[in-house]
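What follows is a short report on a single structure.
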Amino acid sequence: MTLSSRPQVHGLFDKATWTVTYVVHGGPGTACAIIDPVLDYDPKSGRTHTAAADKVIDYVHANDLKVEWILETHAHADHVTAAPYLKAKLGGRTAIGEHIRTVQKVFKGIFNLEPGFLQDGSQFDRLFKDGDEFRIGDLHGHVMHVPGHTPADIAYVIGDAVFVGDTMFMPDVGTARCDFPGGNAHTLYASMRKLLSLPAETRLFMCHDYPPAGREIAFESTVAEQRAKNIHVHDGVTEEQFVEMRTKRDATLEMPVLILPAVQVNIRAGEMPPKEENGVAYLKIPVNAL
Ligand SMILES: [Fe+2]
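Numbered according to the numbering used here, the sequence shown spans residues -10 to 279.
Next comes the structure, spelled out in structure tokens:
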């Protein structure tokens, strides 16, 4: 692995979903990747809008960037992806981890999706497997499979920057939940150790921040800082201790507000379900099934 390059990383925090969208690039006028973009979705009205995604577009234009990739770390449960909107406006190829197929299969069952819904990941332009390499202009990237939160989570390593998705959060927040379908705390612990084995100075970029009272939003850390201070997985925490903590804590957490709409859209790479004969697309709510 090379940490030789130090890409520029611009994080846009979305207040409604506590999500950070990143634009990573080699400087103005170069190629870029957009990571985990947000499409605004109002669950009360069922309407989408593009204020968050338009901020990404503004940044891309202001820096004269060429979008090569629109990358997802996983099928998010807390926001709808804006990947199709950004692809239409800016170009680029969409990608996610290959184990999205497992996630598609699980949720096709839960939502009883139409027979034509494919579970082969073909809705995305590229499916990455562990160790796959890719380029963003002159920047070199590779993929680490980091399951546990979901079976499909991947982290993107781009130069000295790692986009960790929903594995760990800032040191005072800890780690991601493991109680969604296919989640596993043992697996997340192993993924975490893998990430924290990277060089100490590696920059780590979180997918979310849920700051404790009194702390400003923050989403950048390092391997050294996480190993020293992460409240759930600092050095010395054993797998057994982690799993016990995570399992107890997950039992107290409510489902994310947007899990039902978000998952249905995100497993389709951000496309809405097929329109019904009246020209309207519908999202389903499974009753007493999740
Ligand atoms: Fe997530």
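For each residue, glycine too, the CB sits at the ideal point set by N, CA and C.
Take the alpha-carbon of Gly15 and the one of Gly126: they are about 8 Å apart. For Asp155, the Cβ falls inside the 6 Å cut-off from some heavy atom of ligand 1. Rounded to the nearest whole angstrom, the CA to CA distance from Arg115 to Thr70 is 16 Å. In terms of Cβ geometry, Ile147 and Gly120 do not form a close pair [threshold 7 Å]. In this structure, DSSP gives Arg90 a helical state, which the three-state scheme calls helix.
Distance from the Cα of Val135 is smallest, within the candidate group Pro201, Leu184, Trp58 and His68, for Leu184. As for any beta strand (DSSP E) of minimum length 3 sitting wholly inside the segment 89 to 122, the runs are 115 to 117, ordered along the chain. Counting C-beta pairs with one atom in each stretch, the segment 153 to 163 and the segment 184 to 200 have three or more that are closer than 8 Å, which means they touch.
Distances from the CA of Ile23 to each of Val276, Tyr145 and His221 were compared; the closest alpha carbon is that of Tyr145. With respect to the 7 Å criterion, Ala42 and His88 are not classified as neighbours on the basis of their beta carbons. Annotation: Met181 to His138 spans about 11 Å, alpha carbon to alpha carbon. Here Thr62 really is in contact with Asp155; their C-beta atoms are around 7 Å apart, less than 8 Å. In the three-state reduction of the DSSP assignment, Lys55 falls in the strand class. In the structure shown, the three-state DSSP call for Ala72 is helix. The closest heavy atom of ligand 1 lies 6 Å or more from the beta carbon of Ala217. Sixteen is the threshold: since fewer than 16 other Cβ atoms of the shown chains lie within 10 Å of the Cβ of Ser34, the residue is exposed. Val13 is bridged by DSSP to Val(-2) and Ala22.
Excluding its 5 nearest sequence neighbours in each direction, Ala20 has C-beta neighbours in its own chain below 6 Å: Lys55, Glu57, Ile125 and Gly126, listed in chain order.
Separation of Val276 and Pro170 (C-alpha to C-alpha, rounded to the nearest whole angstrom) is 16 Å. In the three-state reduction of the DSSP assignment, Ile220 falls in the coil class, being assigned neither a helical nor a strand state.
Classified as buried, Ile256 has 16 or more neighbouring CB atoms from the shown chains inside 10 Å of its CB.
Contact check between the segment 258 to 268 and the segment 64 to 84: three or more CB pairs, one atom from each, fall below 8 Å, which counts as touching.
With contact defined as three or more Cβ pairs closer than 8 Å, the segment 201 to 216 and the segment 227 to 245 are not in contact. Residue pairing by DSSP places Tyr48 in no beta bridge whatsoever.
Secondary structure in the segment 124 to 197: the beta strand (DSSP E) runs of 3 residues or longer, each lying completely within the stretch, are 128 to 134, 143 to 147, 150 to 154 and 192 to 195 in chain order. Ranking Lys4, Gly225, Ala240 and Thr191 by CA distance to the CA of Ala174 puts Ala240 first. For Ala40, the three-state secondary structure derived from DSSP is helix.
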